[in-house]
Amino acid sequence: RIRTENLHRTHGDIVRLASPRLCSQLERDAVQCSMLAHPRKCRAGGFCTLFQNHQTHILAGAQYFSKSARSASRRSAANLLCAATNSLQALISVGITERLSASLCLLFHKLGYVHVYKRCCNGDTSATCSLFKPRTTEHSAADRGRIFSSTGILTNASSSSSDYLTKYVTDDILLAAMYEGNALDCLIYERAIGILQHELRIDNLMYKIDRTDFDLLMRHCRSGKQAADRLLPPRGTAYVE
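In structure tokens:
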């Protein structure tokens, strides 16, 4: 079992927000929500929800629910996941950031953007296509010690790059707390990869996601689950003070 005091000693603020066990101690309609550029993001369940299954809540439309419907959605993870999955499957195209080129090319193909597809989505020109060059400068792929190759696949960056992501995935206590608060997001992400994999295959595009690639994309979710299974007490078990 994890003792509460140990959780607070290890990246306490992040753990407190990511873990549903500890976040319940915070005021859900915290003043932080009013300081956001888009306060509606808090409507799914307060400030803590920004750090817990936020992608699932957004896909499920939870930010537009009534107060009673939001409470109901949070009581049933199965219903929330079902609503998010239905929304995901209704989209004309599903992509993931870690496979940016493949995702964009699938979207171009689905929308019939023939000229853009021909310019950016073949082996000869994809490396120079400006649409595939990430422009973020804060918390970007490079910040995380990784960079996008011309195929949209994350690769190792130089040794001087920040270990931004490493700080979050090498501490088992923090990893367990983040997984506990984002297990539904991991399931949604896995389903999104499956949809992308299927669509790329049936449309016979040059990109593919094989079993090895799939395992690579899911590695942090699986590591988080292993940490949670190993360190966290079963749901409903009180913390030992």
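Quick note, the sequence shown lines up with residues 1059 to 1299 if you use this note's numbering. Yeah, the Cβ is synthetic: ideal placement off N, Cα and C, and Gly gets one too. Remember, it's a predicted structure, so these values are computed and weren't measured experimentally.
Member of the options whose CA lies at the smallest distance from the CA of residue i
i: His-1256; options: Ser-1151, Pro-1097, Ser-1092, His-1096; result: Ser-1151
i: Thr-1228; options: Leu-1242, Asp-1271, Cys-1279; result: Cys-1279
i: Thr-1270; options: Leu-1263, Ile-1251, Leu-1094; result: Ile-1251
i: Asn-1144; options: Ser-1159, Leu-1117, Ala-1095, Pro-1097; result: Leu-1117
i: Ser-1124; options: Asn-1111, Phe-1105, Leu-1289, Arg-1098; result: Arg-1098
i: Lys-1168; options: Gln-1113, Ser-1281, Ile-1260; result: Ile-1260
i: Ala-1286; options: Cys-1100, Ile-1253, Leu-1232; result: Leu-1232
i: Phe-1109; options: Leu-1263, Val-1073, Ala-1142; result: Val-1073
i: Ala-1102; options: Tyr-1122, Ala-1095, Gln-1090; result: Tyr-1122
i: Asn-1262; options: Phe-1190, Glu-1248, Cys-1179; result: Cys-1179
i: Cys-1081; options: Ala-1095, Arg-1277, Asn-1111; result: Asn-1111
i: Glu-1238; options: Gln-1090, Phe-1272, Ser-1281; result: Ser-1281
i: Leu-1258; options: Gln-1113, Ala-1160, Leu-1149; result: Ala-1160
i: Ile-1246; options: Asp-1268, Ala-1135, Lys-1225; result: Ala-1135
i: Thr-1230; options: Leu-1164, Arg-1288, Phe-1190, Gln-1090; result: The question names Thr, but residue 1230 is Asp in the sequence shown. The option with the nearest alpha carbon to Asp-1230 is Arg-1288.
i: Arg-1249; options: Leu-1275, Met-1264, Tyr-1265; result: Leu-1275
i: Leu-1162; options: Phe-1272, Gln-1284, Cys-1091, Tyr-1265; result: Tyr-1265
i: Cys-1035; options: Asp-1243, Thr-1224, Leu-1189; result: Here the chain has residues from 1059 to 1299 only, and residue 1035 is not among them.
i: Gln-1284; options: Lys-1176, Phe-1166, Ala-1241, Ala-1095; result: Ala-1241
i: Thr-1224; options: Met-1093, Thr-1155, Leu-1075, Arg-1277; result: Arg-1277
Alpha helix (DSSP H) segment containing residue i, residue limits
i: Ser-1030; result: Summary: the structure shown does not reach residue 1030, with the chain confined to residues 1059 through 1299, and so no result is reported for it.
i: Val-1172; result: 1172 to 1178
i: Lys-1283; result: 1277 to 1289
As assigned by DSSP and simplified to three states, the class of residue i
i: Glu-1299; result: The pLDDT assigned to Glu-1299 is 31, lower than 50, so where the model puts this residue is not dependable, and the model offers no usable value.
i: Lys-1168; result: helix
i: Lys-1266; result: coil
i: Ile-1260; result: helix
i: Arg-1061; result: Here Arg-1061 scores only 43 on pLDDT, less than 50, and its place in the model should not be relied on; the value that follows carries that caveat. Three-state DSSP puts Arg-1061 in coil, outside helix and strand.
i: Asp-1271; result: helix
At 4 residues or longer, and completely inside the segment 1227 to 1255: list those alpha helix (DSSP H) runs for me, N to C. none
Alpha helix (DSSP H) runs contained entirely in the segment 1069 to 1148, provided each spans 4 or more residues: 1070 to 1076, 1078 to 1081, 1112 to 1118, 1125 to 1133, 1135 to 1148
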